[in-house]
Each structure stands twice: as structure tokens, then as C-alpha cells.
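Scroll down for the structure; my scribbles are underneath it.
Protein chains in written order, with the working numbering: chain E, 1 to 567; chain Y, 568 to 643.
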């Protein structure tokens, strides 16, 4: 067992703009992204990235958007990443938002951050534009990604197009404008606000500095196996800090190429066609791939045969003979044939899946992160993997366990250059998030072994982690459900089910106003309302189980429900 | 359309056909997650040369929701 961390061809960084400049120099016309637009594949090179980044950054100065707050929402696309980086490097604050937000929530976040511009795709434009009067600070909406038919767009000087800005910026650069090229920002000041899932009322804005982001990018490069020969299919939503830091920023710092998945529907088709060497995923994808593999094996009646081969192959590997690619070529072939490893984070993963994929020749490296740490806290380095652990404490970080006396398990608290500045406009939450000596309290319970590998066993906060890695805040769902007339008290929890986490509503019904209703009647009526709520939410937030209680919830002296008693 | 969707569920996901009813919940009764559903929907896109929005897929709860959505699109 090697006890050194791996070495990779990453570039040490101080500023985010160096990520663009140095890597354009190193990798030039090599594709950074391959993406689909108007149903055709396009290549976006490291040089294109530098050109567009400089042009957009320069155009921001003409729009008076230096050192301003700008929101950003859309599918993964090179425009998205260029907007993100140029706003930060022009001294501003970028607010990446989730495409799945409801219209009022999307506008709520734009309003609460006083965003002066919004980069968005046409889909979000249709949502935000009619509400423009309610967003007094918003001066511009800049359309990114696949351009809409301009003749069908309203005539309004506040509407701008990304490609026009690139042309404008290039012209300014040609004329000698160096406002963006020479701009130096304070790397410790606020550069990004990432909202945790939920409504403006329940969500917390995680404030990150440029230094936090750069630190995390370099951390990822130092910890993982990837190099310039890797090809990724990027499938996770780009605003998600796990995808953004690893699949976009860190991968561009080692010269890799990413195919940007154009739709969830095309994921497996794209993986088969693009033949990636590596994937960065949340457990839901791994579980689906696993099911696909075994369904196909069973359909061909070869389950026993494959299990026997796996045993034999595992035994041979112990003697130094690796036949996996030859023996399981057909299985690996379903994912293009070149897939060697997958980096997984965001939610707990069953170690048995890791072992089975390992037997087939696809290695899984599990990691652990949290938005407040941008996100990396630990990951299994390729040359030192412990299945069941979420990995080695990341380079440059320290982690310890806050345990009660005599206990070995407790809350994981961390410190390092990637730990966030605090929560946006929420001093109380910020105070509560740190220990007296300034370490960040993750809210996760676990232990750390003698080799600095982290194991997670529980969670202190109410948040439910869906297997797609997204956080579901029970308070948000409770807020919606409180509007159902038959409910007096409700607590939403996550329970482990056969197919992952089951979001369950525990309800004490309003027996005072509906004294004649039986539990069955309450169940029917409440579930029908819950289904209406579900229809307005992305599927990972759906409440799929309901339990009607005979008694009120037990409460504290301050009349708060004792949630920790509920399982 | 119901029979066609049912057949695909049986073939591609090895789900017991007797369990598949119009009001069966995709997640609770049939254990289908959003990625699997998107993958299945792609079969219909390919077959009928139609385009279905990812966002709409997220909102399906029952087998019936998917079937009536597909019927609507195909009748347009």
C-alpha cells in the first residue's frame, strides 16, 4: 500500500484567470469541451476559452458590471463557464442558480442578491423577463447557450446576447482596452454566492472567495487520478459545486476534454458514443448503471457464470494478473469500452457496488464534500483506496472529530483554505457554523482513522441527501405542505428504502376541524394534495410516503418539535 | 400507448408486467428512478421522432402521467 499522494500534471494556481491563461498556453487547440448546439456537435478549445473569457470580461467593463453581483442560470455550455469566470475575474460576485428553481424562487434569489445582470438561457429568460419590474436592481439579461430566434424576442435594450458581447469585447481589445486584462481582484473577498437548495426563506447563501475556489481546484487536481489523456462525459448540473469544481475547473487544469451531456435522456447514448475514460457522478447514476449491467446479465441467463468469472478474476488479480478488460469487455463496452474510473460524491454509496465495478475493471473513487468547502473535504486517491471510506482528508485541509468524552464518533469539523467566508446576510447561521476556534462544523457524524481516512456514519442536520446528490431541505417541503388544510403538524424525513431514500411526510392531522374523518380519509385527502405539490417539484424532492399519526409530535419547552426523535 | 410503455418497462427494466397499472407510482411501486425514466423516454423520442423536455420528465409521478403525456405529444 503506497502512502504517498499521487502526482499529476496540474498547474499550481493563485488566481482563477491563470486557470484560463496558463492552460491555453499548455493545451492550445486541444478540445476543452465538446458540446451539442442546434443538434450538432461543436468543439471548444482551450484557446477558444481564453479568447471568449477575455472578450466577455472586457465587455463587462463597458456595461458597468465590474465589481457587481451577477446571477447565472442555464444548462452546461461553454458560455456558462466563461460568464462564471469573467464575472469573478472582473471583481464581481457570481450567483450560480439551479435551473430547477420555480420562477418565483429564481426571481427571489436574483432580488435578494441585488444582482445587476443575469446570464441565462432562453428558458429562464421566459421566466424572468415578465417579472423584470419586480427586480429593480437588474439592468441586463444576457442570453447564453443556444440563441433564440431574435425576431421573436421583445425589443428591449436590457436584453443582450452573449455572442454580441464577445464581438464587442474583441473589438474593445483590438482597440487596446486593457481594463479586464489588467484588473486585479482581492482574492480573499466575496466572489460567489451558492444557494443551498430551497426557497429564499429556507435556503442559505454560501459565500466563497476566489481563493476558496482556486484552493479547491488545486486540491482536486492533487488528489485524483486524471490527466490530459482523460475524456469525460459531464452529466451533473453545472451550478452544483461538485460538478463545477471537479468536472469543469479542475479538469481544465490538467488538460482533459469534457463532452457536455445535452440531456438526461441522452446520457447513456452519449456515454456509449463518446467512450469516456472517466466519469464524475453522484450515486444515483452508479446505481442505475449497476442495475443496467445486472439486468442485462440476468436477461442472458449468465448470472452464475459472471459471478464465477468475477471470483476467478479477483483471485488472479491478487497474483498480479489483471484480465478484467478481456473477461468483462462486453460489460465495459456498454459504457463505451474505455471507462476506467468514476469519481463519486454527493451521497452515500453502497460499498458492494464499488466492489462489483472493481471486479469488472471500472474503479470507483468515493469522495466527500460540502458546498461550504467548495466542496472537497476528502477523496480516495487512486493509489490508496479504502472502500467504505469517503477518502483521505484533502490536501491542505485538516479535519477532526468533535466527540463526547469516551466516544470515538462525533461531528466532523474541518479547516483549510477552501472553507467558506460565511452565509450571505445571515450572521446567526454563520456563527453557528463554526467552532470557537474557527473550524467549520460539517453537520456530518463520523470518525477518522489513523491514516486520515474519513468515515461518515450519520448526519446532525435535518437535510435529506437524495441519491442524485442533491440536498432536500425538509423545511422547504413542510412549508409547501403546511398549506394543505387537513394538516395540523408535519415533519418531513428521509427513510432508507429499497430504491434509495424515501421522502416521507409524518402528519398529525387537524382533528379539531375535521372530527369525523378517520385516518384513512385523512390519508386519501392529504396524499392527493401532496401529489399536487409533487407535480410542481423536481422528482428528487417528491414526497412519496405519508404516515398519519394518532398523537401530536413531542415538543421541547420552546414548543419546537423534537425532530431528532423521528425516524 | 399504455401497452407499449408497459412492454418497454418489462423488457428494459425487467419489471413484472402484473405490477404495471396506469396508477402505479413510478418510484414507489415500480422502483424507477429519474435517470431510468429519462433513458426509457429516449426510446420513444427515437421511435416517434419527437422531442420531450427533461423538465417534463421530472414531473411524472405515475405510469398514467407518462402515457397521457406521450399520447398528447403524438396527437399534436
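Glycine residues also receive a C-beta, built at the ideal position from the N, C-alpha and C atoms.
Please classify residue i as buried or exposed, where buried requires at least 16 other C-beta atoms within 10 Å of its C-beta.
i	result
residue 617(Y)	exposed
residue 323(E)	exposed
residue 312(E)	exposed
residue 326(E)	exposed
residue 482(E)	exposed
residue 69(E)	buried
residue 1(E)	Bear in mind that a pLDDT of 45 at residue 1(E), under 50, signals an unreliable position, so the number given afterwards is only what the model happens to contain. It is exposed - the Cβ of residue 1(E) has fewer than 16 other Cβ atoms within 10 Å.
residue 234(E)	buried
residue 178(E)	exposed
residue 471(E)	buried
residue 536(E)	exposed
residue 444(E)	buried
residue 136(E)	exposed
residue 96(E)	buried
residue 541(E)	buried
residue 454(E)	buried
residue 431(E)	exposed
residue 615(Y)	exposed
To the nearest angstrom, how far is it from the Cα of residue i to the Cα of residue j?
i	j	result
residue 421(E)	residue 270(E)	38 angstroms
residue 209(E)	residue 185(E)	11 angstroms
residue 225(E)	residue 459(E)	29 angstroms
residue 358(E)	residue 330(E)	15 angstroms
residue 570(Y)	residue 594(Y)	19 angstroms
residue 75(E)	residue 259(E)	13 angstroms
residue 297(E)	residue 309(E)	13 angstroms
residue 424(E)	residue 206(E)	6 angstroms
residue 513(E)	residue 486(E)	8 angstroms
residue 515(E)	residue 583(Y)	41 angstroms
residue 351(E)	residue 294(E)	16 angstroms
residue 23(E)	residue 317(E)	38 angstroms
residue 585(Y)	residue 299(E)	18 angstroms
residue 411(E)	residue 600(Y)	31 angstroms
residue 529(E)	residue 255(E)	50 angstroms
residue 328(E)	residue 371(E)	37 angstroms
residue 562(E)	residue 508(E)	14 angstroms
residue 20(E)	residue 264(E)	28 angstroms
residue 641(Y)	residue 634(Y)	11 angstroms
residue 626(Y)	residue 11(E)	43 angstroms
residue 407(E)	residue 119(E)	49 angstroms
residue 552(E)	residue 543(E)	20 angstroms
residue 587(Y)	residue 90(E)	55 angstroms
residue 340(E)	residue 230(E)	10 angstroms
residue 121(E)	residue 146(E)	7 angstroms
residue 212(E)	residue 392(E)	19 angstroms
residue 374(E)	residue 131(E)	31 angstroms
residue 115(E)	residue 217(E)	26 angstroms
Between which two residues does the beta strand (DSSP E) holding residue i run?
i	result
residue 209(E)	205–209
residue 444(E)	440–448
residue 42(E)	40–45
residue 96(E)	93–96
residue 86(E)	It is not in any beta strand (DSSP E) - residue 86(E) instead sits in the alpha helix (DSSP H) that spans 78–89.
residue 69(E)	69–73
residue 409(E)	Taken as a continuous stretch (DSSP letters only), residue 409(E) belongs to no beta strand (DSSP E), as it is neither H nor E.
residue 508(E)	500–509
residue 458(E)	453–459
residue 433(E)	That residue, residue 433(E), is in no beta strand (DSSP E); its alpha helix (DSSP H) goes 427–433.
At which residues does the alpha helix (DSSP H) containing residue i begin and terminate?
i	result
residue 389(E)	Note, residue 389(E): premise wrong, no alpha helix (DSSP H); not H, not E.
residue 521(E)	519–535
residue 172(E)	162–174
residue 496(E)	Careful: residue 496(E) lies outside any alpha helix (DSSP H), inside the beta strand (DSSP E) at 487–497.
residue 604(Y)	601–615
residue 278(E)	Counting along the chain, residue 278(E) falls outside any alpha helix (DSSP H), though it belongs to the beta strand (DSSP E) covering 278–281.
If residue i and residue j are in contact, beta carbons under 8 angstroms, what's the gap, nearest whole angstrom?
i	j	result
residue 56(E)	residue 166(E)	6 angstroms
residue 414(E)	residue 442(E)	6 angstroms
residue 113(E)	residue 71(E)	7 angstroms
residue 506(E)	residue 526(E)	So it is not a contact: roughly 11 angstroms between Cβ atoms.
residue 239(E)	residue 98(E)	6 angstroms
residue 354(E)	residue 364(E)	5 angstroms
residue 628(Y)	residue 534(E)	6 angstroms
Between residue i and the ligand NAD, is the CB less than 7 angstroms from at least one heavy atom?
i	result
residue 407(E)	What this structure holds is no ligand at all, so the ligand NAD is not there to describe.
Can you give, in chain order, each stretch of the beta strand (DSSP E) that sits fully within the region 289–374 of chain E and has at least 3 residues?
-> Correct list: 341–344, 363–369.
Note down, one range per segment and in chain order, each beta strand (DSSP E) of at least 3 residues found wholly within the region 218–242 of chain E.
-> For the region 218–242 of chain E, whole beta strand (DSSP E) runs of length 3 or above, ordered along the chain, are 231–234.
Can you list the alpha helix (DSSP H) stretches of 4 or more residues lying completely in the region 105–190 of chain E, in chain order?
-> Those alpha helix (DSSP H) runs which fall completely within the region 105–190 of chain E and span 4+ residues are 122–128, 162–174.
Residue ranges of each alpha helix (DSSP H) run of no fewer than 4 residues wholly in the region 7–33 of chain E, ordered along the chain?
-> With a minimum length of 4 residues, the continuous alpha helix (DSSP H) runs that stay inside the region 7–33 of chain E are 16–27.
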